[in-house]
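Q: Chains as they are written, first to last, in my numbering: chain A, 396 to 640; chain R, 396 to 640; chain E, 396 to 640; chain B, 396 to 640; chain D, 396 to 640; chain Z, 396 to 640.
Just so you know, even glycine gets a beta-carbon here, dropped at the ideal spot from N, CA and C.
Small disclaimer: the values here were computed from a predicted structure and weren't measured.
Structure provided below as structure tokens; questions to follow.
If you want it as structure tokens, here you go:
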């Protein structure tokens, strides 16, 4: 455990994960921006299954550059090898996030490892590296977010060196226990301490924006509508009350 | 209006826009090359709807790097904010082109703004930046060309600073009034002064190349056929006359 | 012929090409790694038809940067121009590999040239450059691997200067006569001298990994299974014998 | 004038410019960070004369991508051409900042233009582009900050399109009237509204850090010293009072 | 301590460090290549004092991407903050190596921290990030290797998260206890297990190449001389024996 | 010899080389631009000895990506290896230009090879790769232009595959026999066919610009002076006649 990772995870509101699974990543980044977090979206990390949603707590693996005395197929047989150990011990609902140093030309997982994550009940896999057996992995329907397909195994470029420490993934800090949310757009990392707030406010923003989009499609001008002025907000409240009756 | 933008737009031949909508972007770049324009294709800007065509006159918005005192959600409520003002005042048949400085990791438009463009009758949207609500925007069927999906709003990286000035987009100069043409391959900017010529010659090239492709598929060798020699050109003229009879 | 290209090609085992056409590129990179080849996968070169397989011997074309006195549409009429000459003289089963210097913004082939390759019975086309008439080329079903679509013809950025010499393509050395294999993941270049070995061992690895994947999907833990321990290997042998009975 | 540029410049404290000329750019970025500005340092822009200091108000020029009908040597003879016009009308003490789109391979100024700036009393030149006649310009001793030397004139890659609008330079927003400060490390852009505050606090920080550096060189441990604890701050106050006596 | 870092360091031959301090980094990379290590040179990391040599055992610090709740000036006051803790506890003769993720635009150390390393007797500082107070640090004459000058403090882009774990620095794996050697060309990381061998063979290679260079300067042709044939090697042995007499 | 390289070199005007050695690379790129050549300056290739001039005819070597069966220290002993063969057979006054594929992290020459070029009377060495033994090579005073220092030998990344063919170097086409000119700014490649013209016009431009610079330093305004109007040109002619008297 890295010196600065939290010793124990604070509890989440019981509805938070379910709410987050319904909020789009654009809305999540907006709510995070308003709380002062400007860098939460993992750029370049794309879904293998764009119509699947993903939500879960982060566990992490860290890769460092390969070296001939550290990186080999032999080392993969060691059950303590962080990449294999983390997969073998993941718990249901967790998302495995791997720091692959932004290298798109090597694959840090393929169909066998993803299958193991799937069987163990993981909620997803996120990495700023490549995936091999890409089409086969897509067919699983398990949420995977990566830079793209790549045939060579990770030992060509990397060695796994740590597990469940603070990492960077696609230039975003990931703290074990943070909430990873993915949709067709990509992945957002929500700092655990603000997850409840982001979930509650995000649900509201989604409702409001659905209302605004509908108005705009019917011809409303932008000024006063988006962002909403007082009159639009009043209309929205009235509409919402009618909905909830 | 930037010092060097044209004060009034020269008229186009009445058939030019319709012709351009039938000519592929590869043919357009070839005709432009022959007129001395080597840099007209917006590289990396990809269609959200590859099977839609786009043609229209350019209006422009320019973004500069974000700064904490200039970039915020509050500024978006100002109806003079160039991004919002340009969308709200676009005219039917125009294409909005935004200089997003090639930044793929922030979104310069989403479903609400694209919907407003659509409702106002715009012909398309082109930007060297990201689009949020990507799948939702794709479903509109409105021609949008961008670097790809990105969740964070543009205020994280940009501030809109100007409207209808000369801009660069994807390393191509865009002058307001130029003709933007898009297909499944991407977008070409045609300098207004040569649009009539490019349209007329492009239609011819397309016919000739369809004829050549057919010959090659039936087994003709490249020499004499592509590029066409005298004999192939004569065959083509004869075939064309038969067609037009 | 470049000074260091082989004068004559050594013969391949009669089953090698057929075997390679059934082995995935991840498996091929693993077998090559085990033989000491760490850099065989052409990164960033993607299939236009991801569900087609490709296998064949490499012939090569080399492009250099354009210069106004060397790069023009006129030069394309010269039947000795290396790009055209190589296409016109390709033999059935060969794969044309073009060194396009990693430039994605220009197209080194379009529908007419690809059609000619197709008609002549070539096995595929691989290039670290762009393809124009992208959708049209996709519709042929002919195996093409490229960086993506681009409208401008290659003369904007390149001039073809050599044929059938050693080249780099997507940062991988390609020697004329090497075996190019492509699948939905991308392309691997197999040095001719090891092609028989790679094919034989690759077939075996594919069988073993299919067996392992099946075990993992049924709940087997990673340790002892992947990589396989003695017990898993024994199970595999028994299963294989049952299959072959 | 761009829509969002200030109409009139607010006055500065009479000592601000002189103070800023004594504060290092690291100290300035720290003071700006503490006021909420995280992106003020022009990365990659290096001094031609590392031992000269520069301070002055920004005037700006904007370049867009070259196009054959806009970029030529002929256009340079037009006294309204923004690059030439801005140089010809610069006032004593101003710094010319040019948005060269981060292109290092073309030169946006050379010895003649820099000489004219010098003669007119400008305080410096800053650009995220190249400089030609590099050695000759270095010999002037006039403060110039650029990406490096480049021989080709800017018309190969750019056309100047605007003057004194908001620009980006090396990924930093520059508003006309902002204060540009340069030292051997590079250039910082200080938003005009906070220049007085940054100057006052920067002078204090420099004194404190000189005191801390001296303590560390004499063997003080980091904890309590850097950042300074209460005891170090008290020592500093005492020392400062002794100095001022 | 990272899971895969060695628990205790194996002893070095008593002459190894002194020998390494006399061998150039080109020679060291050649000896490492011959032992199978192809990736030992930290590319892009340049000396602040090109005429100083550096040799010592690596201790490491790891930085991850900044986040608003983790990266601030306040956290620097915590004596456990890895960047500060590692500096405060470095031992004489050690080299501090920092994984700054290749970010050149922020500074991971400045004059005060480098001064503390100097006072504590460290052998050097190596980082794939920026240095602030560049000129001041150069004046110390203490061996520092970095990407270049940068004014902003590291908190703008990074947070220090670990100490003395395996890291990547400039795309090279660094294991605590490895031997870092620097000269005017840059820095090589020598895996501890091969340091004695590399030192012994490197000394020999240097003598041989000095002999070869001398021959070439006097007009010897390359064939037979470089690489040396039997006759050149015999000459060298004879010359060496004369020297040692 | 590559298919498109010239069989025999056309003669140059006897004064051309001497004239070119006095003309700056900015002036040369301007003259080439006026003749239609927009891409002649080798960007990023910097002089090891900025105060030396270089002029001579190009001979070329081409490198391709390394592969374990082609790239080794053993192959260097083969006198036909293109890198060694080209150096061993260079003629007095020629400039060796190497296509190193823009890779800065490996060295394609060091002190021994440069020394051999020097002894053989070569006019210079130009490469878009690294140089090892950098300081030692600088001390020779022999004109070398490269991307920078790098310790690892080229075999880590490259294999030399061809000699005296058309190559790209730093994104510029180099035809054997072209004239390479270098100064403190970098290197320009002048197509042989226009070398006489460029030399003659370049000498004139240099005189005119020296005259203009002098006027500007004495306070002349830009309009009418730079670019020169009729009156300035008349003054220049008069001055020139006085000089020549």
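Going by the DSSP bridge assignment, what does residue 494 of chain Z pair with across the sheet?
A: Answer is Z:457.
Q: For the alpha helix (DSSP H) that residue 480 of chain R lies in, which residues bound it at each end?
A: Looking at the DSSP string, the run of the alpha helix (DSSP H) that includes residue 480 of chain R is 477 to 483.
Q: In this structure, how does DSSP classify residue 578 of chain Z when only helix, strand and coil are distinguished?
A: If DSSP states are grouped into helix, strand and coil, residue 578 of chain Z belongs with the strands.
Q: Identify which residue in B:483, B:516, B:484 and B:527 has its Cα closest to the Cα of residue 503 of chain B.
A: Looking at the Cα atoms, B:527 is the closest of the given residues.
Q: Return the chain-ordered list of same chain residues with a C-beta closer than 8 Å to the C-beta of residue 556 of chain Z, the five sequence neighbours on each side being excluded.
A: Once the five neighbours on either side are set aside, the close Cβ partners of residue 556 of chain Z are 457, 458, 459 and 477.
Q: Taking Cβ positions, are residue 415 of chain Z and residue 576 of chain Z nearer each other than 8 Å?
A: Yes, Cβ-Cβ distance for residue 415 of chain Z and residue 576 of chain Z is below 8 Å.
Q: Counting only Cβ-Cβ distances shorter than 8 Å, please list the residues of the segment 481 to 499 of chain A near chain D, keeping chain order.
A: Listed by position along the chain: 496.
Q: Could I get the ranges of all uninterrupted alpha helix (DSSP H) runs contained in the segment 545 to 574 of chain R, with 4 residues as the minimum, in chain order?
A: Correct list: empty.
Q: List the residues of chain B that residue 551 of chain D touches, going by C-beta distances under 7 Å, in chain order.
A: Those are 428 and 433, listed as they occur along chain B.
Q: Starting from the C-beta of residue 626 of chain A, find all residues in its chain whose C-beta is less than 7 Å away, skip the five residues before and the five after it, and write them out in chain order.
A: Answer for residue 626 of chain A: 619, listed in chain order.
Q: Spatial neighbours of residue 419 of chain E within its chain, please: C-beta separation below 8 Å, excluding the five flanking residues on both sides.
A: For residue 419 of chain E, where only same-chain residues beyond five positions count, the Cβ hits under 8 Å are 578, 580 and 601.
Q: Looking only at C-alpha atoms, which of E:439, E:424 and E:407 sits nearest to residue 544 of chain A?
A: Of the candidates E:439, E:424 and E:407, the one whose C-alpha sits nearest the C-alpha of residue 544 of chain A is E:439.
Q: Are the segment 486 to 503 of chain A and the segment 536 to 550 of chain A in contact at 8 Å, needing three or more beta carbon pairs?
A: Yes: the two stretches touch, three or more of their Cβ pairs being nearer than 8 Å.
Q: Strictly by DSSP, which residues pair up with residue 441 of chain Z?
A: Note: residue 441 of chain Z sits in a beta bridge opposite Z:541.
Q: Evaluate the contact criterion for the segment 515 to 534 of chain E versus the segment 486 to 497 of chain E: three or more CB pairs, one atom per stretch, below 8 Å.
A: Touching, yes.
Q: Do you know how far the Cα of residue 568 of chain D is from the Cα of residue 398 of chain D?
A: With a pLDDT of only 46 at residue 398 of chain D, under the threshold of 50, the placement of this residue in the model should not be trusted; the figure read from the coordinates follows. Whole-angstrom Cα-Cα distance: 15 Å.
Q: If you draw a straight line from the alpha carbon of residue 447 of chain D to that of residue 570 of chain D, how long is it in whole angstroms?
A: Distance between the alpha carbons of residue 447 of chain D and residue 570 of chain D is about 24 Å.
Q: Measuring only between beta-carbons, confirm whether residue 514 of chain B sits less than 8 Å from chain Z.
A: Chain Z, which has a Cβ nearer than 8 Å to the Cβ of residue 514 of chain B, makes this yes.
Q: Should residue 621 of chain R be labelled buried (16 or more other beta-carbon atoms within 10 Å of its own) or exposed?
A: By the 10 Å Cβ count, residue 621 of chain R comes out buried.
Q: Kindly indicate the opening and closing residues of the beta strand (DSSP E) around residue 519 of chain E.
A: Here the beta strand (DSSP E) through residue 519 of chain E covers 519 to 522.
Q: Rounded to whole angstroms, what's the CA-CA distance from residue 590 of chain D to residue 537 of chain A? Just pull it up for me.
A: Distance between the alpha carbons of residue 590 of chain D and residue 537 of chain A is about 46 Å.
Q: Do you know offhand how far residue 582 of chain B's Cα is from residue 441 of chain B's?
A: So the two alpha carbons sit approximately 8 Å from each other.
Q: Would you identify the three-state DSSP class for residue 639 of chain Z, choosing helix, strand or coil?
A: The answer is helix: DSSP assigns residue 639 of chain Z an H, G or I state.
Q: Under a CB-based cut-off of 8 Å, is residue 405 of chain D close to chain A?
A: By this cut-off, residue 405 of chain D is not an interface position.
Q: Which term fits residue 409 of chain D, buried or exposed, when burial requires 16 or more other beta carbons within 10 angstroms of its beta carbon?
A: With fewer than 16 Cβ atoms within 10 Å of its Cβ, residue 409 of chain D is classed as exposed.
Q: Nearest by alpha-carbon distance to residue 422 of chain A: which of A:593, A:453 and A:539 is it?
A: Among A:593, A:453 and A:539, the Cα nearest to that of residue 422 of chain A is on A:593.
Q: Determine which residues of the segment 614 to 638 of chain A have a Cβ less than 7 Å from any Cβ of chain R, and write them out in chain order.
A: Cβ contacts with chain R come from 614, 616, 617, 618, 621 and 622.
Q: Would residue 509 of chain A and residue 532 of chain A qualify as a contact pair, given that the criterion is a beta-carbon distance under 8 Å?
A: Against a cut-off of 8 Å, the Cβ pair of residue 532 of chain A and residue 509 of chain A comes out as a contact.
Q: The beta strand (DSSP E) with residue 502 of chain Z in it runs from where to where?
A: Run containing residue 502 of chain Z: 502 to 504, per the beta strand (DSSP E) assignment.
Q: If we ignore side chains and look at the alpha-carbon of each, how far apart do residue 396 of chain D and residue 467 of chain D end up?
A: In this prediction, residue 396 of chain D has a pLDDT of 38, which is less than 50 and means its spatial position is unreliable; nothing more can be read from the coordinates.
Q: Taking only the alpha-carbon atoms, compute the straight-line gap between residue 599 of chain Z and residue 623 of chain Z and give it to the nearest angstrom.
A: Going from the Cα of residue 599 of chain Z to the Cα of residue 623 of chain Z covers about 13 Å.
Q: Against residue 574 of chain Z, what residues of chain B qualify as contacts under a CB-to-CB distance less than 9 Å, listed in chain order?
A: Within 9 Å Cβ-Cβ: nothing; residue 574 of chain Z doesn't reach chain B, min ~15 Å.
Q: When every heavy atom of the ligand FAD is checked, does at least one fall within less than 7 Å of the C-beta of residue 543 of chain Z?
A: Ligands in the displayed structure: none, and consequently the ligand FAD is not present.
Q: Starting from residue 603 of chain R, follow the alpha helix (DSSP H) in both directions and report where the run begins and ends.
A: First-last of the alpha helix (DSSP H) with residue 603 of chain R: 590 to 612.
Q: Would you kindly work out how many angstroms separate the C-alpha atoms of residue 516 of chain A and residue 406 of chain D, rounded to a whole number?
A: Approximately 46 Å between the Cα atoms of the pair.
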